[in-house]
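Please read the structure below before turning to the comments.
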Amino acid sequence: MTVLAIGGLVHETVTFLPEETNLAAFEHRASRGAEIATTFAGSNTVYGGFLSVARDNDVTVEGLICAECAPSGPVSKAAFQALSDELVSRATLWRDEADGLLLHLHGAMVARGDHDPELTLLLRLRKVLGPDYPIAVAMDLHGNVGAEKALLADIVCGFRRSPHTDMAETGARAASLLLRKLAGEITPVAAVARPGLVLPSIFTATEDSPLKEIMEEVREAAKQPGILDVTLFLGFAYADVPEIGATVLAIADGDKALAIRVVERLSARLVEAREALYTAAPIYDPDTALDKAAELLAEGVRPIVLLEHADRGNDSTHLLQTMLDRSTQTGGFPRTAVPYLHDRIAATAAASTGLKGQLMTTLGGKSSEMAGYPVLFSGFIKYTGNLRYAITGPYRTGEIIDLGLSAVIDNGTIAVIVTSHSAAAVDTDPFTQTGLDIDEFDIIALRSKTHFRAAYEPIAGAILIVETPDWGPADLIGLPYRNVPPGVFPITMGPPDDGIIDGLDDV
Ligand SMILES: [Zn+2]
Numbered sequence: 001m002t003v004l005a006i007g008g009l010v011h012e013t014v015t016f017l018p019e020e021t022n023l024a025a026f027e028h029r030a031s032r033g034a035e036i037a038t039t040f041a042g043s044n045t046v047y048g049g050f051l052s053v054a055r056d057n058d059v060t061v062e063g064l065i066c067a068e069c070a071p072s073g074p075v076s077k078a079a080f081q082a083l084s085d086e087l088v089s090r091a092t093l094w095r096d097e098a099d100g101l102l103l104h105l106h107g108a109m110v111a112r113g114d115h116d117p118e119l120t121l122l123l124r125l126r127k128v129l130g131p132d133y134p135i136a137v138a139m140d141l142h143g144n145v146g147a148e149k150a151l152l153a154d155i156v157c158g159f160r161r162s163p164h165t166d167m168a169e170t171g172a173r174a175a176s177l178l179l180r181k182l183a184g185e186i187t188p189v190a191a192v193a194r195p196g197l198v199l200p201s202i203f204t205a206t207e208d209s210p211l212k213e214i215m216e217e218v219r220e221a222a223k224q225p226g227i228l229d230v231t232l233f234l235g236f237a238y239a240d241v242p243e244i245g246a247t248v249l250a251i252a253d254g255d256k257a258l259a260i261r262v263v264e265r266l267s268a269r270l271v272e273a274r275e276a277l278y279t280a281a282p283i284y285d286p287d288t289a290l291d292k293a294a295e296l297l298a299e300g301v302r303p304i305v306l307l308e309h310a311d312r313g314n315d316s317t318h319l320l321q322t323m324l325d326r327s328t329q330t331g332g333f334p335r336t337a338v339p340y341l342h343d344r345i346a347a348t349a350a351a352s353t354g355l356k357g358q359l360m361t362t363l364g365g366k367s368s369e370m371a372g373y374p375v376l377f378s379g380f381i382k383y384t385g386n387l388r389y390a391i392t393g394p395y396r397t398g399e400i401i402d403l404g405l406s407a408v409i410d411n412g413t414i415a416v417i418v419t420s421h422s423a424a425a426v427d428t429d430p431f432t433q434t435g436l437d438i439d440e441f442d443i444i445a446l447r448s449k450t451h452f453r454a455a456y457e458p459i460a461g462a463i464l465i466v467e468t469p470d471w472g473p474a475d476l477i478g479l480p481y482r483n484v485p486p487g488v489f490p491i492t493m494g495p496p497d498d499g500i501i502d503g504l505d506d507v
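Residue numbers (our numbering): 1 to 507.
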């Protein structure tokens, strides 16, 4: 009987955000031991994929620890230490019983004082488990995956879709390859190429051209004889680390030269497309977007989804303030929903005001000074309660989300759903869970980057991308990067061997 250990430590770190991510944020969504199987079985998550392969192959799973939290600032030293210590000690405990380890990492985690804590974790695991212990890792498409991190495990598979509707599928790819390796059927050998570019998250929607065609080539490459798996990591632009940027990773069955040919070809393809990838969709400022929305609504196009995509703390107020200003200046502002604005204080104030009561409060603008000023908002409480439910949308289907004390505050024109835990609204659950009728709204203001597309593309009349001055802009040039090496498009355009050319001049 085969036994596999399952664990994970997942965080997409925005290094520019000032507030550290502490242990409590991870503990809110942590599960351990047997709890992991009950939490994730049947869900469209990486762990759900691991578990389905285990079930189909009569594999016994041993849960270590799975911890995750919403994208936020650098992980505190203490939090990373505690979580990685626990994962490593649980893996050590199961080393002799388990035949291999299935791990879920994001690929873009940064801890205070450690720009690549996932590499640190993998090095520790290798040290205690041994150089030959079978390890498979499933990672996010938005990982900044340097060669060393990519090659420390036997198998690394990444998501190929954004919205990440293939999380379970990716977990299943990694688990299936690990089982085939354990059975002696395959000899995975990997190669890595780094094309020297990073995309803003807003341009990583894999159903939009030209990325759509490139992703099709990645899937085709994975099917060719001798190749076991191919991933294109697009990188995460808001982690200022030396490893920033895209990575192509191919795993071949024993044939390293074949893996190298595949990654070199796909990497060259990406370099060739980099300008087009970087200008994949029109971007509007808030006023222009609202003018455009008004035009479309007048033509009967509705609902209009506005995307305040630069918001990395789910509490930006730039767009909300513009909408409020315009609704007070002009009569007849469209009926607007703002699902999931992170503001624990406002949610608590709404709860103590009570259902149907009237509340004047400030909203949002707390994650950093770039999130905009807190907005003064007055409205009636349409919902208040603890928002905890199983996700019904196509992204993370079946996973339990717990937003804590939450409320709908509605001024008759704009209805804002405030939450105590940070989450981006990506499907229609925020409406059904709080008793709002989505059909009532002309404008829906979201903060997602790509994940909303799975649920909203079928129902939106139009999607308008709004650029605001927060930490996740489409234009990366203005961000205060300090650790990005030369040769990463579009941040540092200089060739990496400038110095060598200078040296030649001296000769
Ligand atoms: Zn991602």
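Every residue, glycine too, gets a C-beta built ideally from N, C-alpha and C. Here the structure is a predicted model, which means the values were calculated and not measured.
Counting pairs of Cβ atoms below 8 angstroms between the segment 300-311 and the segment 55-73, do you hit three or more?
no
Would you call the CB atoms of L102 and F40 closer than 7 angstroms?
Translated into the one-based positions of the sequence shown, residue 102 becomes position 102. Translated into the one-based positions of the sequence shown, residue 40 becomes position 40. The answer is no: Cβ separation not under 7 angstroms.
Which listed residue (A205, W471, V189 and L405) has its alpha carbon closest to that of A454
Working through the sequence shown from its first residue, we reach residue 454 at position 454. Minimum Cα distance to A454 is reached at A205.
Closer than 6 angstroms: is that where the CB of D140 sits relative to any heavy atom of ligand 1?
Residue 140 sits at position 140 when you count from the first residue of the sequence shown. Checking every heavy atom of ligand 1 against the Cβ of D140, one is found closer than 6 angstroms.
Could you tell me which of T432, M139 and L376 sits nearest to I391, measuring between CA atoms?
The residue you call residue 391 lines up with position 391 of the sequence shown. Checking every option, the nearest Cα to that of I391 belongs to T432.
Tell me, please, which residues DSSP counts as bridged to S367.
Residue numbering aside, residue 367 sits at position 367 when the sequence shown is read from its first letter. Answer by DSSP bridge pairing: none, since S367 is not bridged.
Beta strand (DSSP E) segment containing A310, residue limits
Stepping through the sequence shown from its first residue, residue 310 is reached at position 310. Per DSSP, A310 belongs to no beta strand (DSSP E) and is neither H nor E.
Would DSSP call V53 helix, strand or coil?
In the sequence shown, the residue the question calls residue 53 occupies position 53. Here V53 sits in helix by DSSP.
Is the beta carbon of F203 closer than 7 angstroms to that of A108?
Taking the sequence shown and counting its residues from 1, the one referred to as residue 108 is at position 108. Taking the sequence shown and counting its residues from 1, the one referred to as residue 203 is at position 203. No, Cβ-Cβ distance for A108 and F203 is not below 7 angstroms.
T288: which of I465, V14 and A5 sits nearest, CA to CA?
For the purposes of this step, residue 288 is taken as residue 288 along the sequence shown, with counting starting at 1. When only C-alpha atoms are compared, the closest one is I465.
Please report the residue range of the alpha helix (DSSP H) in which P117 lies.
In the sequence shown, residue 117 corresponds to position 117, counting from 1. Where P117 is concerned, the enclosing alpha helix (DSSP H) stretches over P117 to L129.
Give the secondary structure of V218 by DSSP, where H, G and I count as helix, E and B as strand, and everything else as coil.
Along the sequence shown, one-based indexing puts residue 218 at 218. It is helical.
So the beta strand (DSSP E) V248 belongs to, where does it begin and stop?
By one-based count along the sequence shown, residue 248 stands at place 248. Looking at the DSSP string, the run of the beta strand (DSSP E) that includes V248 is T247 to D253.
Could you check if M139 is buried or exposed, using at least 16 other CB atoms within 10 Å of its CB as the buried criterion?
As a position in the sequence shown, residue 139 is number 139, starting the count at 1. By the neighbour-count rule (16 or more Cβ atoms within 10 Å), M139 is buried.
Kindly identify the DSSP beta-bridge partner or partners of R388.
For this step, residue 388 is matched to residue 388 along the sequence shown. According to DSSP, which records beta bridges pairwise, R388 is partnered with D402.
Beta-carbon contacts of L270 that lie in its chain and below 8 angstroms, excluding the five residues immediately before and after:
For the purposes of this step, residue 270 is identified with residue 270 of the sequence shown, where counting begins at 1. Taken in chain order, the residues that qualify are P195, L197, I214, L232, A246, V248 and L277.
Starting from the C-beta of D166, find all residues in its chain whose C-beta is less than 7 angstroms away, skip the five residues before and the five after it, and write them out in chain order.
One-based indexing of the sequence shown puts residue 166 at position 166. Result list for D166: F159 and R160, in chain order.
P286 - containing alpha helix (DSSP H), residue span:
By one-based count along the sequence shown, residue 286 stands at place 286. Its alpha helix (DSSP H) spans residues P286 to A298.
Where do the N-terminal and C-terminal ends of the beta strand (DSSP E) with D229 fall, by residue?
Locating residue 229 in the sequence shown gives position 229, where the first residue counts as 1. Unbroken beta strand (DSSP E) run through D229: I227 to F233.
Going by CA-CA distance only, name the one from A407, I459 and L211 that's closest to E275.
Numbered from its first residue, the sequence shown carries residue 275 at position 275. The residue with the shortest Cα to Cα distance from E275 is L211.
When the distance is taken between beta carbons, is A460 closer than 7 angstroms to E467?
Working through the sequence shown from its first residue, we reach residue 467 at position 467. Working through the sequence shown from its first residue, we reach residue 460 at position 460. Going by C-beta atoms, E467 is not nearer than 7 angstroms to A460.
With which residues is T432 paired in a DSSP beta bridge?
Numbered from its first residue, the sequence shown carries residue 432 at position 432. Answer by DSSP bridge pairing: none, since T432 is not bridged.
State buried or exposed for D497, treating a residue as buried only when at least 16 other CB atoms are found within 10 Å of its CB.
Mapped onto the sequence shown, residue 497 falls at position 497. Any reading at D497 must be qualified, since the residue scores a pLDDT of 43, below 50, and its modelled position is unreliable; no value is offered.
Contacts around H451, its chain only, beta-carbon distance under 8 angstroms, and the 5 residues preceding and following it disregarded:
By 1-based counting over the sequence shown, the position of residue 451 is 451. The residues are S162, P163, H164, Y395, A424 and V426.
For T2 and V230, I'd like the C-alpha separation in whole angstroms.
Taking the sequence shown and counting its residues from 1, the one referred to as residue 2 is at position 2. Taking the sequence shown and counting its residues from 1, the one referred to as residue 230 is at position 230. Looking at the two C-alpha atoms, the distance is approximately 26 angstroms.
Might you give, ordered along the chain, the residues of its own chain that have their beta carbon closer than 6 angstroms to the beta carbon of D506, omitting 5 neighbours on each side?
Looking up residue 506 in the sequence shown gives position 506. No answer about D506 holds up, because its pLDDT of 32 lies below 50 and its placement is not dependable.
Segment limits, alpha helix (DSSP H) that includes L93:
Position 93 of the sequence shown holds residue 93. Note, L93: alpha helix (DSSP H), K77 to L93.
Can you tell me which residues form a DSSP beta bridge with F236?
Here residue 236 refers to the residue found at position 236 when the sequence shown is read from its first residue. Paired residues: none, contrary to the question.
What are the complete alpha helix (DSSP H) segments, minimum 4 residues, inside the segment 448-498?
453-456
Residues near L297 in its chain [Cβ-Cβ closer than 7 angstroms; skip 5 each side]:
Stepping through the sequence shown from its first residue, residue 297 is reached at position 297. The residues are I304, P334 and D442.
Have a look at L23 and L476 and give me their C-alpha separation to the nearest angstrom.
Counted from its first residue, the sequence shown places residue 23 at position 23. Counted from its first residue, the sequence shown places residue 476 at position 476. Going by the C-alpha atoms only, they are around 30 angstroms apart.
Between the CA atoms of P339 and D437 - distance to the nearest angstrom:
Working through the sequence shown from its first residue, we reach residue 437 at position 437. Working through the sequence shown from its first residue, we reach residue 339 at position 339. Rounded to whole angstroms, D437 to P339 spans 12 angstroms at the Cα level.
Three or more C-beta pairs closer than 8 angstroms, one from the segment 344-361 and one from the segment 405-423: is that the case here?
yes
Would you mind listing the beta strand (DSSP E) stretches within the segment 320-357 that are 3+ residues and don't spill past its ends, in chain order?
336-342
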